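In terms of the numbering used here, the sequence shown opens at residue 24 and continues consecutively.
The C-beta atom is built at its ideal place from N, Cα and C for all residues, glycine as well.
Keep in mind that this is a model prediction, so the values were computed, not measured.
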Amino acid sequence: MKKIAFFCWVLLIALTAQAQSAKKLFKEAEGYFEEKMYSQALELYLAGLKLDPENPKANFNTGLCYLETAYKEKSLPYLKKTQQVKPDIHKQLLVFLGEAYQYNHQFSEALKQYQAFLNTMDKDDPVASYINRKMFECNNGIRYMKDPAKATITNIGSVINSKYADFAPVISSDETVLVFTSRREGSTGEELSPEDNQFYEDMYISYKANGKWSTPRNLKEINTDQHDACVALSSDGKQLFIYKDKQGGDLYYSDFDAINNIWSKPQSLGDNINTKYYETSISMTSDGQTIYFSSNRPGGSGGLDIYMSRKTPEGKWGEAVNLGPSINTPYDEDAPFIHADGTTLYFSSRGLAGMGGYDIYRSEHNEDGTWTAPENLGYPINTANEDIYFVLSADNKHGYYASAKEGGVGEKDIYIISMPPRKTVEVASQIKTIQVKTAAPTVKTVEMKMQEPIEINSNATIVKGKVIDAETKEPLVADVVLVDNLTATQLEEHKTDTEGAFSTFMPSGKNYNFSVQKEGYLFHSENFDIPEAKGFQQFDLIVELKKINVGSKIVLRNIFFDFDKATLRKESTAELENLLEIMQEMPKLKIEISGHTDNKGSADYNKTLSGKRAKAVVDYLISKGIPAERMRSAGYGKERPIAANDTDEGRQLNRRTEFEIIGK
Numbered sequence: 024m025k026k027i028a029f030f031c032w033v034l035l036i037a038l039t040a041q042a043q044s045a046k047k048l049f050k051e052a053e054g055y056f057e058e059k060m061y062s063q064a065l066e067l068y069l070a071g072l073k074l075d076p077e078n079p080k081a082n083f084n085t086g087l088c089y090l091e092t093a094y095k096e097k098s099l100p101y102l103k104k105t106q107q108v109k110p111d112i113h114k115q116l117l118v119f120l121g122e123a124y125q126y127n128h129q130f131s132e133a134l135k136q137y138q139a140f141l142n143t144m145d146k147d148d149p150v151a152s153y154i155n156r157k158m159f160e161c162n163n164g165i166r167y168m169k170d171p172a173k174a175t176i177t178n179i180g181s182v183i184n185s186k187y188a189d190f191a192p193v194i195s196s197d198e199t200v201l202v203f204t205s206r207r208e209g210s211t212g213e214e215l216s217p218e219d220n221q222f223y224e225d226m227y228i229s230y231k232a233n234g235k236w237s238t239p240r241n242l243k244e245i246n247t248d249q250h251d252a253c254v255a256l257s258s259d260g261k262q263l264f265i266y267k268d269k270q271g272g273d274l275y276y277s278d279f280d281a282i283n284n285i286w287s288k289p290q291s292l293g294d295n296i297n298t299k300y301y302e303t304s305i306s307m308t309s310d311g312q313t314i315y316f317s318s319n320r321p322g323g324s325g326g327l328d329i330y331m332s333r334k335t336p337e338g339k340w341g342e343a344v345n346l347g348p349s350i351n352t353p354y355d356e357d358a359p360f361i362h363a364d365g366t367t368l369y370f371s372s373r374g375l376a377g378m379g380g381y382d383i384y385r386s387e388h389n390e391d392g393t394w395t396a397p398e399n400l401g402y403p404i405n406t407a408n409e410d411i412y413f414v415l416s417a418d419n420k421h422g423y424y425a426s427a428k429e430g431g432v433g434e435k436d437i438y439i440i441s442m443p444p445r446k447t448v449e450v451a452s453q454i455k456t457i458q459v460k461t462a463a464p465t466v467k468t469v470e471m472k473m474q475e476p477i478e479i480n481s482n483a484t485i486v487k488g489k490v491i492d493a494e495t496k497e498p499l500v501a502d503v504v505l506v507d508n509l510t511a512t513q514l515e516e517h518k519t520d521t522e523g524a525f526s527t528f529m530p531s532g533k534n535y536n537f538s539v540q541k542e543g544y545l546f547h548s549e550n551f552d553i554p555e556a557k558g559f560q561q562f563d564l565i566v567e568l569k570k571i572n573v574g575s576k577i578v579l580r581n582i583f584f585d586f587d588k589a590t591l592r593k594e595s596t597a598e599l600e601n602l603l604e605i606m607q608e609m610p611k612l613k614i615e616i617s618g619h620t621d622n623k624g625s626a627d628y629n630k631t632l633s634g635k636r637a638k639a640v641v642d643y644l645i646s647k648g649i650p651a652e653r654m655r656s657a658g659y660g661k662e663r664p665i666a667a668n669d670t671d672e673g674r675q676l677n678r679r680t681e682f683e684i685i686g687k
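This is how it looks when you write it as structure tokens:
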């Protein structure tokens, strides 16, 4: 009995000491918590909870601390514990629980918590506006997660990311230059910020060679002992834009000195851009003539708005013009990124139909100066947390952004997004007065002067248009496919909208097979051979698809032969494969492949050459298993022109290979 009593006495002392230790840790943590030093408080609360895991106040404050950090989703178990142990600890516990469920993408459960809180409130309570907005976000989240974007998100790796926070990546259009901001050890001042006890922000640069990133270099020539953050990089990687904590927050630029391999002293963008208010982010078109930036200056829709400015003949940035209510809302819009095509704007918004915090959106610039309705990039690119500072390669394949994810290298890491195929965005008409629904049930009217139409140049090609039925002229929903003819690699595939509209971006320097395909119709193809140095150009097409009927014919615009020869060039592969697919899918189809020329040369020679070229196409299909009896070849030479032969353009149209259905 004495041994048992002694054991109980020792255990009591140990438990008492443990309780005292936990109490001490909680008290110290509370001091940091009251000073809003959440990272320091969190570390102490977690240590104390190991000794006293049921403490309701410590669990509650730990949950609140996590809600103030990059790892907001970690708040959930602590707030759930609080609700179990002491549900009346705070009148807004249900709100915090709703937020925690929302950050974990448990939107249905978050809605229950928000609704339960609303049931306890007076309908005129101003907090109702916030709760209604959060419920709107949750319903959006449910919708987006049911139809996720086909995107793959990959950590860029430990060569770039550190155990500290790495964020705000910016890239050159060809993805060979990466500049980012980091709070890693070895910063220029090697001092900790008193605000959060982390190293001050510094900018780093890395170069890609042979598919690998180099070890990042600290840009010591332009970093200071205070915060220095990159916000944009020119498409050629030669001009860097920087945010500095001056007069409320200003934007600067630095030029790369290739001879000395250093960046110039940062210079202000001028009084038309920088004000005594908050200017946070910027992006520049590839021709260097237009910038888009964010500011909370008076006269906007509310919060941060996105503005544009054009360079004057004197080389200065002109008057800032608000992009208007097509883009801006009464909430914050930030981190604009204008794509290399010069017409596609990506930005983050807290006011549109998002899942929580900032979501990333895309909008297209119209010729009349308006913007299409912003399109949410969807889950998993967007989440319930802050999704911001997104940039995209010129070929639309890779997006870059920073996020705090489980399993990352550090506190916040840079990630690469393998982007899904582009979707066509419905064009919105210009609106000068709109109604914007706030989070509350009330409606706010915003009047805004739209910016004047601007000419934007870019080293890219845009093909826009509409797909219709050749007979009825009714719009068709069809697949638009873009292929690199040289490599036969598919670069993009997307559907037209319900009105048959499409928009496709083509980086310069490739030979493209642009085709439109729909089941039950013959495909339509166009060839775009765009030189490397070709400037911005736009093509507007009306594509008429013909049904697969006897007598229907199409021109095979991506069948290529060497001059004066009948040997198929490898650039013909994608077109031949499209033709092969039709023959395989419709085993009873019978066709004629015909060759045609312009009027240069003798009739006999042209007829012989065109016949040999047509036969080369048939021979290709036979080599792929299509029975010879289903096909015939014919050479018509110059007998069947489709255009006048008195111009280069007309003669080019007449030199063609055709596909015609002769039986089915």
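Coarse secondary structure for residue i, derived from DSSP in three states
i: L545; result: coil
i: P192; result: strand
i: R592; result: coil
i: E470; result: Confidence in E470 is poor, its pLDDT being 33 and thus under 50, which makes the residue's placement unreliable; the coordinate value appears in the next sentence. Strand at E470.
i: Q513; result: strand
i: Q312; result: coil
i: V448; result: With a pLDDT of only 33 at V448, under the threshold of 50, the placement of this residue in the model should not be trusted, and no figure is reported.
i: G523; result: coil
i: D671; result: helix
i: G121; result: helix
i: R679; result: strand
i: T92; result: coil
i: G54; result: helix
i: F528; result: strand
i: P79; result: helix
i: G323; result: coil
i: F49; result: helix
Residue i classed as buried or exposed, judged by whether at least 16 other C-beta atoms fall within 10 angstroms
i: Q43; result: exposed
i: E398; result: buried
i: D382; result: buried
i: R156; result: buried
i: A667; result: exposed
i: A215; result: The amino acid at residue 215 is misidentified as Ala; the sequence shows Leu. Exposed is the call here.
i: R385; result: buried
i: M144; result: exposed
i: V640; result: buried
i: E213; result: exposed
i: D268; result: exposed
i: S185; result: buried
Residue range of the unbroken alpha helix (DSSP H) whose run includes residue i
i: T631; result: 626 to 646
i: S371; result: Counting along the chain, S371 falls outside any alpha helix (DSSP H), though it belongs to the beta strand (DSSP E) covering 367 to 372.
i: K231; result: Careful: K231 lies outside any alpha helix (DSSP H), inside the beta strand (DSSP E) at 225 to 232.
i: S131; result: 130 to 142
i: A70; result: 61 to 74
i: S152; result: 150 to 169
i: P100; result: 99 to 108
Span of the beta strand (DSSP E) around residue i
i: Y535; result: 533 to 540
i: M609; result: Careful: M609 lies outside any beta strand (DSSP E) and carries neither H nor E.
i: T204; result: 200 to 205
i: K267; result: 262 to 267
i: A657; result: 654 to 660
i: S578; result: Note that residue 578 is Val in the sequence shown, not Ser. Segment 576 to 578, the beta strand (DSSP E) holding V578.
i: Y330; result: 328 to 333
i: V503; result: 502 to 507
i: M307; result: 302 to 307
i: E356; result: 356 to 361
i: I245; result: From DSSP, I245 is part of no beta strand (DSSP E); its letter is neither H nor E.
i: V182; result: No beta strand (DSSP E) holds V182; DSSP gives it neither H nor E.
Distance between beta carbons of residue j and residue i, contact taken as under 8 angstroms
i: L545; j: I577; result: 5 angstroms
i: E244; j: D273; result: E244 to D273, Cβ: 19 angstroms. No contact.
i: S210; j: Y223; result: 5 angstroms
i: T680; j: L579; result: 5 angstroms
i: E515; j: G532; result: That pair is no contact at about 16 angstroms.
i: N508; j: N408; result: Contact doesn't hold; Cβ gap of about 42 angstroms is too wide.
Legend entry - Sequence ranges, beta strand (DSSP E) only - wholly within the region 378 to 440, length at least 3: Correct list: 382 to 387, 421 to 426.
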